[in-house]
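This report refers to the structure that appears directly beneath it.
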Amino acid sequence: MRLLNAKTFQLEQFYDNDIPPYAILSHTWIENEVTFQEFPTLSRDDPRLEKTVGCCRQALQDDLTYVWVDTFCIDKASSAELSEAINSMYKWYGDSTICYAYLSDVHPVSDDDAFSESRWFKRGWTLQELLAPGCIKFFDSSWISIGQKYAKKTQPKGFEPPVIRKRPGPDDDLSQKLSNITNISVDALRHEVEMDSISVAEKMSWAAERETTRSEDMAYSLLGIFGINMPLLYGEGGKRAFVRLQEEIISRTYDHTIFSWGFARGPTHGGVFATSPLDFSGGGEIVPVKAGRKSHYTVTNLGVQIQIPVLTVQNGAQYAFFNATRKSRTELVMSIPLYPAGDTGEDDDILVRDPCSMPVFVLPTALVGATTRQLYLSRNPSTEMERNRRQYTLFVAKEFTKAGYHPREIHPHAIFSSVDESTIYFGPWAPGEKKLALVTYDSLNSSSFRLKIIFDDDHSSCVLQRAEHDGTLISELKRPKDDVQEWILGDEWKEVIKLGTLGDVSGKMERLWPDSIYCLLSLTPADPASDEDGDF
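For what it's worth, numbering that gives the first Met the number 0 labels the leading residue of the sequence shown as 0, then goes sequentially.
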């Protein structure tokens, strides 16, 4: 490990147990950063070394002689040294006595918003630099202290590193504020839980909104967080690098949450692996089933080989049930719709993920009729399947089911995801198949009603019918395709159908584009003051 002597301003080489205590710098790169080759030719007064000088000054204040700065402590001209450094970086940050997070875009007169919006929180490499150190101190562009984060179990008793200057206000623990900014729990930030005990999906979700200059670095910057060592292949592309990372992860873990991606924007392909951490956006609550049986799986030439319960439904979709659930609803089980990879049916055991469906969470009763099978989840499905099928989700207000309305008949086959029957998943439908969904609700104290929804790729239509318990139609509200309200919100297309009210029932449907995956239907007891066709 190459370290900079803060007193002599000279680089020195150390090996293994000879490495002295050191401070480490975390920062965002700017243009014209100093390289290993350039450093010996520059004087301490060179403007390009300003933040390095500030880092050295702070280290000496903290009684530390050595510092590590990634820009020039690594010889990036050597691919072998660069690979070793990237594979070791999480450990280097974790072994440091203190880490200085230098936020060059936060200035002494800045408010709290400037801290929260700093570029430092948006870069891929700074994620591990936030997580690994036991002690990290944040500074603004003038090296004025903003605050700190300590790992509870490693904080020396009574230790408070001196600072040059403090910003107005207390120089206190930033753990909760950092958690609010990053969606990383305080327990994880303070090392109160082991990194290995956190689910793959949750750790991936931390990186979902971050970026790197080189696409491959989005995967390489996560190596230490997952305890992975693998060769760097710059030029392979970000998608391939991220798939390689996931292949390495599943060779070391039983965690099925690695398959739980596609919640926020829907899958864009039918492969078993995600192509970017962004695919895990919204997956921070997904955890393994604690009592779940550990499944042996491995990567083969046919795909990921796994033994898992599978339920085949009416339209040919096969729902595979994984050992994953939600933190807030641990009684639920994660399921993913799959289809045979071939069109001839010859390879029934080689399945692809439906390219336009997200994972769904269902009650264990949905597994009735499922059989445990050995499958191959394809890594490289045909692009012809892209967006050929669609899955829609029906959300019913919980207050409505609590009022005594419960679904009696559902067509086509659908699976409930919650005890209160508030979520129903329909589809996926095959190309050319009419996307018609029917749900009949009964109430002991009122007449029944039926929802008839046609999901169309351009516009949807919806019918709300009210009937006696014997099926006699009482009244009907219908909104055809040409009566749909739509508007553009930024890049988002939104479709809204307002049905009005029938007696004590009111209805509205919303659908978002471009993914066209979600259908949101809200049914609530009608406002007595509203008329039959009024808004609500």
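Note that CB positions come from ideal geometry on N, CA and C, so glycine has one too.
Considering only E11, I227, S259 and E201, the residue with the shortest C-alpha distance to F320 is S259.
Distances from the CA of I145 to each of R118, D110, L130 and R243 were compared; the closest alpha carbon is that of D110.
Per DSSP, the continuous beta strand (DSSP E) segment holding I409 begins and ends at H405 to H410.
Excluding residues up to 5 positions away in sequence, nothing lies with its Cβ nearer than 6 Å to the Cβ of K401 in the same chain. Taking a cut-off of 8 Å for Cβ pairs, the region 242-253 and the region 346-358 do not touch, as fewer than three such pairs fall below it. Non-local C-beta neighbours of A131 in its own chain, meaning closer than 6 Å and more than five positions away in sequence, comprise Y89, Y92 and G93, ordered along the chain. Assigned with DSSP and collapsed to three states, T500 falls in strand. In this structure, S275 and G226 do not form a Cβ contact; the two beta carbons are roughly 21 Å apart against a cut-off of 8 Å.
Rounded to the nearest angstrom, the gap between the Cα atoms of T125 and L221 is 10 Å. Shown here, E11 sits in a strand according to DSSP, grouped into three states. Counting only the Cα atoms, I307 lies some 15 Å from A290. The straight-line gap separating the alpha-carbon atoms of R56 and S87 is approximately 26 Å. Sixteen is the threshold: when 16 or more other Cβ atoms of the shown chains lie within 10 Å of the Cβ of A22, as they do, the residue is buried. Inter-residue distance for T181 and L476 is about 45 Å (C-alpha atoms, whole angstroms). Taking a cut-off of 8 Å for Cβ pairs, the region 29-45 and the region 63-79 touch, as three or more such pairs fall below it. Between the beta-carbon of V303 and that of L376 there is about 4 Å, and that keeps the pair under the 8 Å contact cut. Judged by their CB atoms, F448 and A436 are not nearer to each other than the 9 Å cut-off. Within the same chain, A5, A22 and V66 come within 7 Å of A58 by CB-CB distance, once the 5 residues on both sides are set aside.
Non-local C-beta neighbours of G261 in its own chain, meaning closer than 8 Å and more than five positions away in sequence, comprise A273, D278, S356, M357 and P358, ordered along the chain. The beta strand (DSSP E) runs lying completely inside the region 301-351 and spanning 3 residues or more are 302-311, 317-321, 323-325 and 332-339, given in chain order. If you draw a straight line from the Cα of Y101 to the Cα of E11, it is about 23 Å long. Closest option to Y424, judged by alpha-carbon separation, among E432, N31 and H410: H410.
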